[in-house]
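Each step along the sequence shown adds one to the number in the UniProt record's numbering, with nothing skipped, and position 156 is 156. Using N, Cα and C, we set each Cβ at its ideal position, and we do this for glycine too. A quick write-up on the structure given underneath.
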Amino acid sequence: MTTATPDERSTTAVEGGELPVELFLPAAGSGPGIVLFQEIFGVTGYIRSRARDLADLGYVVLVPESYWRLGSPVISEGMDGLEEAMGASNRLDWDQTVADAVAATRHLTQRSEVTGATGLVGFCFGGGLAWATAAVLADEGEAPAALVAYYGSQIPTLLDLAERVRSPQLHHWGNSDQFIPAEGVAAVEDAVTAAEDATFCRYDGAGHAFDNPSPAFHHAEASALAWPVTTDWLATHLAGTAGAS
Numbered sequence: 001m002t003t004a005t006p007d008e009r010s011t012t013a014v015e016g017g018e019l020p021v022e023l024f025l026p027a028a029g030s031g032p033g034i035v036l037f038q039e040i041f042g043v044t045g046y047i048r049s050r051a052r053d054l055a056d057l058g059y060v061v062l063v064p065e066s067y068w069r070l071g072s073p074v075i076s077e078g079m080d081g082l083e084e085a086m087g088a089s090n091r092l093d094w095d096q097t098v099a100d101a102v103a104a105t106r107h108l109t110q111r112s113e114v115t116g117a118t119g120l121v122g123f124c125f126g127g128g129l130a131w132a133t134a135a136v137l138a139d140e141g142e143a144p145a146a147l148v149a150y151y152g153s154q155i156p157t158l159l160d161l162a163e164r165v166r167s168p169q170l171h172h173w174g175n176s177d178q179f180i181p182a183e184g185v186a187a188v189e190d191a192v193t194a195a196e197d198a199t200f201c202r203y204d205g206a207g208h209a210f211d212n213p214s215p216a217f218h219h220a221e222a223s224a225l226a227w228p229v230t231t232d233w234l235a236t237h238l239a240g241t242a243g244a245s
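Here is the structure:
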């Protein structure tokens, strides 16, 4: 997985400052939108590569920098950076971070390049952030058209939001997640699958962050199985909306 370069780096106004965002455009220059939320390590080469993967499928992808209020620390991916990454996520004001994510989503939906519906995709920390953002937007009558969360590490503490998430949602979890207890994953599954349009996928032998290419986390089989499920889900709920905005 090679590191990708965004087509545009800019900011969008939020409470207290300017949120840095990166934009990845499809070859056509326009299409449905996706906000891609970072994993716990920040906006890494891996996250940019996944953003480019989605842009290559025809989506306009926005990646907000959720750690900007912490000075945008550069954190090593893998086990050597995990302690610093966990410390960074713990220092965030969660409600403010969700508000920033909501602002980023609205920023994307208002861009001229977005010619269809908008969905949310998040990995690890970003999976929980996407879920919480979907709940807030639904409260405002702006439910995203699709939600994909990979092993959303915050979701076990956010189960009270379950009834507020109105987006069609897809969740990926490894059955050997080393950071989220099995009972926590089961509770998420129960809450998620109570929704009308939700799919919960489990992968034997896969741990947390199994899609991350770092050798400390990567599970090739689970990653290879989950990605086409993700792209099919997005195609079902977003691809047909091009030109509908």
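Query, Result
"Thinking just about the alpha-carbon of each residue, which of Asp197, Glu84, Leu225, Ala194 is nearest to the one in Trp173?", "Leu225"
"Quick one: what does DSSP say Gly87 is sitting in, helix, strand or coil?", "helix"
"Three-state secondary structure (DSSP) at Ala194?", "coil"
"Between residue 253 and Leu25, what straight-line distance do the alpha-carbon atoms span, to the nearest angstrom?", "Residue 253 is absent from the model: the chain starts at 1 and stops at 245."
"Compute the Euclidean distance between the alpha carbons of Ser245 and Leu108, then round it to the nearest angstrom.", "Annotation note: pLDDT 47 at Ser245 (below 50); position unreliable, no value reported."
"Roughly how many angstroms lie between the CA atoms of Leu70 and Ser10, to the nearest whole one?", "18 angstroms"
"Between Arg52, Thr133, Ala195, which has its C-alpha nearest Thr231's C-alpha?", "Arg52"
"I need the DSSP call for Ile34, collapsed to helix, strand or coil.", "strand"
"Run the CB neighbour count on Glu83, radius 10 Å, all protein chains shown included, and call it buried at 16 or more, exposed below.", "exposed"
"What residues in its chain sit with their C-beta under 7 angstroms from that of Ala216, if we drop five residues either side in the sequence?", "Gly78, Met79"
"Out of Ala55, His218, Leu137, Thr133, state which residue places its alpha-carbon closest to the alpha-carbon of Ala149.", "Thr133"
"So which of Ala135, Asp95, Ser214, Ala138 has the shortest CA-CA distance to Ile47?", "Ser214"
"Rounded to whole angstroms, what is the Cα-Cα separation between Ala235 and Phe200?", "17 angstroms"
"How far does the beta strand (DSSP E) with Arg164 in it extend, from its first residue to its last?", "Here Arg164 belongs to no beta strand (DSSP E), and DSSP marks it neither H nor E."
"For the stretch 33-40 against the stretch 111-124, do three or more pairs of beta-carbon atoms, one drawn from each stretch, fall closer than 8 angstroms, so that the two count as touching?", "yes"
"To the nearest angstrom, report how far apart Ala27 and Leu54 are at their CA atoms.", "11 angstroms"
"Check for me: the alpha helix (DSSP H) holding Pro228 runs from which residue to which?", "220-237"
"What is the DSSP secondary structure of His208, reduced to helix, strand or coil?", "coil"
"Hey, would you say Cys124 sits closer than 8 angstroms to Glu65, going by beta carbons?", "no"
"Tell me which same chain residues have a C-beta within less than 7 angstroms of the C-beta of His237, skipping the five on either side of it?", "Gly119, Ala145, Ala146, Pro168"
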